[in-house]
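In the working numbering, the protein residues as written are 1 to 135.
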């Protein structure tokens, strides 16, 4: 990647990017609302609520909707008729996801280690241990 002085990607080997004074991409297909929210990026369209939270994304004809609790935490995502409910730990220093329960029966549980990083994810009988890259 080639970056500018503030870290914006100028090129990635396949495409070049230009930015406005607010660091928003100016390339063809990128549009923004008056609040600076991305409305379209050439591949997807986005809709926001009055609090500037993403409530819908449409990509390739697939619509994903998002729901939030009164604190603004993401608690629900629906794609292709499958709803994922997020179980949150609101007692941590910052709110984090403890689990995901899907309307199709799927679920994922999270455990956290020192520093708040995800130390373990369980999907059914499969347990995954994410590793952090030292770079």
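We treat Cβ as the ideally placed atom computed from N, Cα and C, and that holds for glycine.
Contact check, residue i vs residue j, beta carbons under 9 Å
{"i": "residue 19", "j": "residue 33", "result": "no"}
{"i": "residue 35", "j": "residue 52", "result": "yes"}
{"i": "residue 92", "j": "residue 110", "result": "no"}
{"i": "residue 94", "j": "residue 116", "result": "yes"}
Alpha-carbon spacing of residue i relative to residue j, whole angstroms
{"i": "residue 103", "j": "residue 13", "result": "40 Å"}
{"i": "residue 65", "j": "residue 72", "result": "15 Å"}
{"i": "residue 9", "j": "residue 37", "result": "19 Å"}
{"i": "residue 23", "j": "residue 74", "result": "26 Å"}
{"i": "residue 41", "j": "residue 17", "result": "12 Å"}
{"i": "residue 7", "j": "residue 1", "result": "10 Å"}
{"i": "residue 125", "j": "residue 118", "result": "18 Å"}
{"i": "residue 29", "j": "residue 106", "result": "35 Å"}
{"i": "residue 11", "j": "residue 122", "result": "37 Å"}
{"i": "residue 68", "j": "residue 21", "result": "31 Å"}
{"i": "residue 61", "j": "residue 44", "result": "9 Å"}
Presumed contact (8 Å Cβ cut-off) between residue i and residue j, rounded CB distance
{"i": "residue 90", "j": "residue 76", "result": "Not really, about 16 Å apart at Cβ, beyond 8 Å."}
{"i": "residue 98", "j": "residue 87", "result": "5 Å"}
For residue i: DSSP bridge partner residues
{"i": "residue 74", "result": "68"}
{"i": "residue 90", "result": "Per DSSP, none; premise fails for residue 90."}
{"i": "residue 57", "result": "46, 64"}
{"i": "residue 19", "result": "25"}
Close Cβ partners of residue i (< 7 Å) along its chain, the five nearest in sequence each way excluded
{"i": "residue 152", "result": "In this structure the chain extends from 1 to 135, so residue 152 is not present and cannot be described."}
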